[in-house]
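Here my numbering is used: the first residue of the sequence shown is 9, the next is one more, and so on.
Note that CB positions come from ideal geometry on N, CA and C, so glycine has one too.
Just below is one structure, and these are the notes that go with it.
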Amino acid sequence: MANVETALKEILATIDGAIGAALVDYGSGMALGTIGGGKDLDLTVAAAGNTDVVRAKVRTMEMLGLKDEIEDILITLGTQYHLIRLMKSRDSKGFFLYLALDRGRANLAMARHQLMKIEAELEI
9 MANVETALKE ILATIDGAIG AALVDYGSGM ALGTIGGGKD LDLTVAAAGN TDVVRAKVRT
69 MEMLGLKDEI EDILITLGTQ YHLIRLMKSR DSKGFFLYLA LDRGRANLAM ARHQLMKIEA
129 ELEI
């Protein structure tokens with residue numbers, strides 16, 4: 009099992025095109041940990057903003073009566089992919105992993121696969 013810091017380092021080291029990543033509590037909108045980012049990507053702002061995206065999607069599913077779980081949410085920009093992966097284990101409900109990718113360097117399918125693997129090993 010990996011802790012938050014180790015998991016975030018693994019995301020940046022093993023996922024091609026990774027720009028930055030965060031583990032976020034979507035109850036509060038606070039990032040429990042961040043890595044990468046920079047002047048063009050403030051991960052604290054991204055964590056709070058993407059919390060609103062997750063909350064809106066969860067509410068919409070409830071209003072529609074959908075009895076399913078969100079795996080991930082993809083936001084496609086001109087030069088980036090933003091991937092939000094809701095965590096599923098009993099101890100990690102209410103958290104999501106956020107990953108920003110350089111669209112020109114990333115393989116989206118491989119990034120999703122790797123993020124799922126890292127999530128399974130993450131202990132909060």
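Query raised in the report: Which residues does DSSP pair with residue 88 in a beta bridge?
Result: 110.
**Report entry** Pair within 8 Å by beta-carbon distance, residue 104 and residue 62
**Finding:** Contact: yes.
Query raised in the report: Measuring CB to CB, does residue 42 end up less than 8 Å from residue 57?
Result: Not in contact: residue 42 and residue 57 (Cβ atoms no closer than 8 Å).
Query raised in the report: Does DSSP classify residue 83 as helix, strand or coil?
Result: Strand.
**Report entry** Counted within 10 angstroms of its Cβ, other Cβ atoms place residue 127 as buried (16 or more) or exposed
**Finding:** When all chains shown are included, residue 127 counts as buried.
Query raised in the report: Does the distance from the CB of residue 12 to the CB of residue 92 come in under 8 Å?
Result: Taking C-beta atoms as the reference points, residue 12 and residue 92 fail to come closer than 8 Å.
Query raised in the report: Going by the beta-carbon positions, is the gap between residue 10 and residue 130 smaller than 8 Å?
Result: Taking C-beta atoms as the reference points, residue 10 and residue 130 count as a pair closer than 8 Å.
Query raised in the report: Considering only C-alpha positions, which residue in the set 101, 95, 83 and 94 is nearest to residue 110?
Result: Here the closest residue by C-alpha is 83.
Requested in this report: Compute the Euclidean distance between the alpha carbons of residue 86 and residue 70, then round it to the nearest angstrom.
Outcome: Between residue 86 and residue 70, the C-alpha separation is close to 31 Å.
**Report entry** Where the alpha helix (DSSP H) containing residue 19 begins and where it ends
**Finding:** Per DSSP, residue 19 belongs to the alpha helix (DSSP H) from 12 to 22.
Query raised in the report: In three-state DSSP terms, what is residue 123?
Result: DSSP places residue 123 in the helix class (H, G or I) of the three-state scheme.
**Report entry** Reference residue 95, options 118, 108, 123 and 75, closest by Cα
**Finding:** The closest CA to that of residue 95, considering only 118, 108, 123 and 75, is found on 123.
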